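The opening residue of the sequence shown carries number 0 in my numbering; numbering runs sequentially from there.
See structure below.
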Amino acid sequence: MTNGTEGLPAAPRAAALSWVRVRLRAAPAAAIAMALLVLVTAFLAAALPRAVDRYEVKALRGSLADAKLRDRTLSLSDTSSGPDTEGASGASRFAPEWIAGVESEFQKLVRPPLRLLPGQSVIGVRTGSDSAALDPGLPRPTKVLNPMADLVAQQGLEQHSRLVAGSMPRGPAPADASGGSNRVDAAVTEQTAKVMGLRPGSEIHLSTLRTAFTVHVTGIVSPTEPGGAYWNEEPDVLAPQLTSPPPRPGEYPTFYWHFTVLIAPEAAPALLSLGKGASFYWHHPADAGRLTAQDVAPLQAQLASLDSGPAATALQEGTGSYIHITTGLGRLLTAYERDRAAALPLVLVAAIGVGATAFAVLLMAGGLAAERRRGELALLRSRGGSLRGMVGRLLGETTAAAVPAALAGTVLALVLLPTDRYTLSVLLGSAVAVTASLALPLRAVAVHRRPRPAAREDVAAARPSRRRTVAELTVTVLVIGAVVALRRRGTVSGADPFLAAAPVLVAIAAALILLRLYPLPLRLLARPAARLTGAVTHLGLARAGRSPASAQLPLLALLMSLTVASFGGSVLAGVADGRDEAARAAIGADARIDANFVLPEKLAANIRQVPGVAGTTGVRVEPSAPTSGFGMPYSVLSVDPVAYAALTRSIGLPGFPADALLHDDGTGPMPAVVSRKVAAKLAGSTLSVQPAIGTTEIKAAAVLDLTPAAPNTDFVIVSSAQLAKRHPDMNYSQYTGPTVLMITANGPIDGKALRAATAASGSNMFVALLSEERGVLADSALQSGARGIYLAAVAGGAGYSALALLLSLLQAAPQRAALLARLRTMGMGRRDGRRLVFLEMLPQALLAAIGGVLVGLAVIPLLGPGVDITALAFGSDPGTNVPAGLGLRADPLSLALPSAGLLALACVVLLAQVWVTGLRRESTDLRVGDRS
């Protein structure tokens, strides 16, 4: 026991240190528990920003690594049309020193965060356009089309290839009588030699505007790194390409081979003899291995400068040429930033939610310690101890446990999750230490600032003070402001912490409302319970009403955790439902088979034999280009109305109005079901459609937003039978047969078997499965990281809410144990003891559980209109057809599971407490406190 003089301001430092040492030795378990709580909280607080940085960096580097080589390459290009073209130094553009000078000028402009892969630059010059190879021995897929060849002089051929046969080409090319050159030595790759039938000693004659140009093949080379930048920056260097020119209307496609021959850099001036000019290129693959999310903005600014800013001007002035820089890196970074901005609000909501819950738990731990030591601190104050001295000594106690634990947790997070940034982690770890250190002293100041006689402080008797009313009104204003701002501005404008705190603010407001309403049902239940013969029910409800008014912190922590969990569940459920709807709208059924021509007659029968296939429906789809009278494209669908209606109904789309197509007397415009845009364009008039069977006048008989056979397009749907009746002379399968087969399933469809059955029925058919389309819409690396962070934060919030529940139960545990001991001395059995405990504590747990479900349901209509999950669901893919009504969805699992777990935990803890109390002697519990 301490005397009052130890609380005076003039207490010596040694006494203060002695107080801390004595208190820590007297209650080591409480100090260790507080240290563990602070260590875990500080670790989580410091780890959260570093985990976000890590998944963002991983997603950024992964997206760039998975992109095409040309999209992550900075390419310089220039053209030359004649040998008299010279650079700023007076040297010919084909001279090695001029090409090296351009490279040197460009390297001067490269600075972090832009980094280039060392040793991966690809520099060369090639013909301005390809030339026809006239040799009859070269392969020709289409007899009338000659192969086309390009000449490429790329530096470093000997370093990046292995000579298989012959010798390397040498230069310069020999000059003819006019000073030009019509012959050059070249090498070809193994794949080019195999496809084009070339070998050392072969000659290729290329057409020119004057005389034929001869290419003498001196050797065949094999790439040392076929996947490297040297062989893939230019798309045709590694292997020949089978190319098809655009066909004329009504003609079949034709094909020819395009190939490349490699000449020595010294022979580059010979390219001009072909009369096609020359194109210079400098390719530089970017190094994404050290990029971070914070580098994106400065890197985009640097790329803009190189494209058309000061850096581009400096490069052109330094080289004396109109060199232009192109890259797809900026587009990749823009897509990444869009996806990151879409995922960040979800992460911010989780961070604020778990942070607020952890903050409440730290305050509860301090409040529990203050409540346990209320008698000691009151005695200290009554004996003359100053408030300042008491706060100093309590702060010394808490600091001795909290600061080392917070430091250890922060350092642990910094070591286990290495990233470039550490400032925010250190600040959050420090905030945890400050909160844990001040919780007990501030609570003690609030209780013992003025000595007062003991009085009831339960929720039923306590009357809200003016300060509490003002605080509640302030919170209400903040909640209204956050909800209104979120509904107006939405989440597309970026991550705003105030908007991200909206779910937490709604939970706080709901907790305040529930605390105001909580005494009312208890009073209503207590009156009829008083008339019952037994005393257990009446006593349990009376003690529930006399629970401490400080129970508002556990309720706040529980509601915040449950709200964040349900809000995140609604976001993830909305994303999943949106992707399911988008995949179904894109495929239109469980699977589909498309063809450019009429499907084989035996295809449907073969497909129905595939495991998992329930039925098939054939549809003829004929695209129609916009005409002068109807300026929009659409597709004409010929269907069996009854079968198509059954298909639409089976996949869950809006019902198809089959009756609108069945009532056609054969005179006047033919009834059709059209898309909404087509209906708006028609505006009550008719339209002349031109399917293969013949021109037909149609009118809109019904309107649909979408249809399964023609996803993402406008459409005109007519009855195939009625169309055939109107054109009996053209009723042949090539004009009326289906081009699309829609497939419904009664189980998982075997994709391999489906494709095998399709291939066995014919060729030139494309198979698409709903499951595969849904897989394409799965989370990207950035979205997966955000989901993982959110789920981890929800799990952390659940842990803190469980701890809050345990702390609230522990706060009343001594008084509850003493009460049970007294009642057992009066003859109460264990069964009645369990009933009493449940009636006392379950109302609070039920209040939190039911409140969590109600708040979770209320958050969806309150915040749903302002939450845009389009980018989170589909990323930056512009080709995805976003379904109408995409938004938050109530997730029963995230609503019910946390609340059910909360109630189950409360029941387990209460049963354990009753069981442990029953094992002890009544005298043990009756000596613990007399305040109950």
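Just so it is clear, CB atoms sit at the ideal spot from N, CA and C, and this is done for glycine as well.
Since the structure is predicted, the reported quantities are computational estimates derived from the model, not experimental observations.
Check	Outcome
What residue range does the beta strand (DSSP E) around residue 497 cover?	Counting along the chain, residue 497 falls outside any beta strand (DSSP E), though it belongs to the alpha helix (DSSP H) covering 496 to 499.
So what's residue 911 in DSSP terms, helix, strand or just coil?	helix
Give the straight-line distance between the Cα atoms of residue 144 and residue 151, rounded to the nearest whole angstrom.	22 Å
When the Cβ atoms of the region 190 to 201 are set against those of the region 126 to 144, are three or more pairs found closer than 8 Å?	yes
Can you name, in chain order, every residue of its own chain whose Cβ lies under 7 Å from the Cβ of residue 355, other than the five neighbours on each side?	503, 559
Which residue's Cα is closest to the Cα of residue 256: 244, 270, 240, 269?	240
Go through its chain and collect everything with a Cβ distance to residue 304's Cβ below 8 Å, but skip five positions before and after it.	310, 311
Report the rounded CA-to-CA distance for residue 76 versus residue 279, giving the unit in angstroms.	5 Å
Check whether the region 736 to 753 touches the region 610 to 624, counting contact only when three or more Cβ pairs, one atom from each stretch, lie closer than 8 Å.	yes
Tell me the residue span of the beta strand (DSSP E) that contains residue 117.	Unbroken run through residue 117: none, as it is neither H nor E.
Between 213, 153, 170, 182, which lies nearest to residue 230 when the distance is taken from Cα to Cα?	153
Is the region 647 to 658 close to the region 683 to 697, with three or more CB pairs under 8 Å?	no
With DSSP run on the structure shown, which of helix, strand or coil describes residue 318?	helix
Is there contact here, the region 891 to 902 with the region 354 to 368, by at least three beta-carbon pairs under 8 Å?	no
Tell whether a beta-carbon distance below 8 Å holds between residue 168 and residue 184.	yes
So for residue 218, helix, strand or coil by DSSP?	strand
What does the alpha-carbon distance come out to for the pair residue 911 and residue 808?	12 Å
In whole angstroms, what separates the C-alpha of residue 797 from that of residue 477?	25 Å
Which same chain residues, not among the five before or five after residue 574, have their C-beta less than 7 Å away from its C-beta?	868, 871, 872
Measure from the alpha carbon of residue 164 to the alpha carbon of each residue in 329, 553, 186, then state which is nearest.	186
For residue 338 versus residue 782, is the C-beta distance shorter than 8 Å?	yes
Quick one: using the 10 Å Cβ neighbour count with 16 as the cut-off for buried, is residue 711 buried or exposed?	exposed
Check each candidate in 37, 899, 845, 846 and name the one with the smallest Cα separation from residue 432.	37
What did DSSP end up calling residue 240 once you bin it into helix, strand or coil?	strand
Considering only residues of the same chain and omitting the five flanking positions on each side of residue 207, which have a CB-CB separation below 6 Å?	273, 274
From this set, 515, 495, 64, 389, which residue's C-alpha is nearest residue 446's C-alpha?	389
In whole angstroms, what is the alpha-carbon distance linking residue 466 and residue 435?	24 Å
What span of residues does the alpha helix (DSSP H) with residue 42 cover, start to end?	27 to 65
Hey, is the region 596 to 612 in contact with the region 753 to 771, meaning 3+ C-beta pairs nearer than 8 Å?	yes
Note down the Cα distance separating residue 765 from residue 592, rounded to an integer number of angstroms.	6 Å
Any idea which residues DSSP pairs residue 153 with across the strands?	123
May I ask you to list the residues that DSSP assigns as paired with residue 204?	213
Which two residues bound the contiguous beta strand (DSSP E) that contains residue 594?	590 to 594
In the DSSP assignment, the alpha helix (DSSP H) including residue 195 goes from what residue to what residue?	189 to 195
Compute the Euclidean distance between the alpha carbons of residue 171 and residue 265, then round it to the nearest angstrom.	5 Å
Kindly indicate which residue of 211, 644, 238 has the alpha-carbon position closest to the one of residue 261.	238
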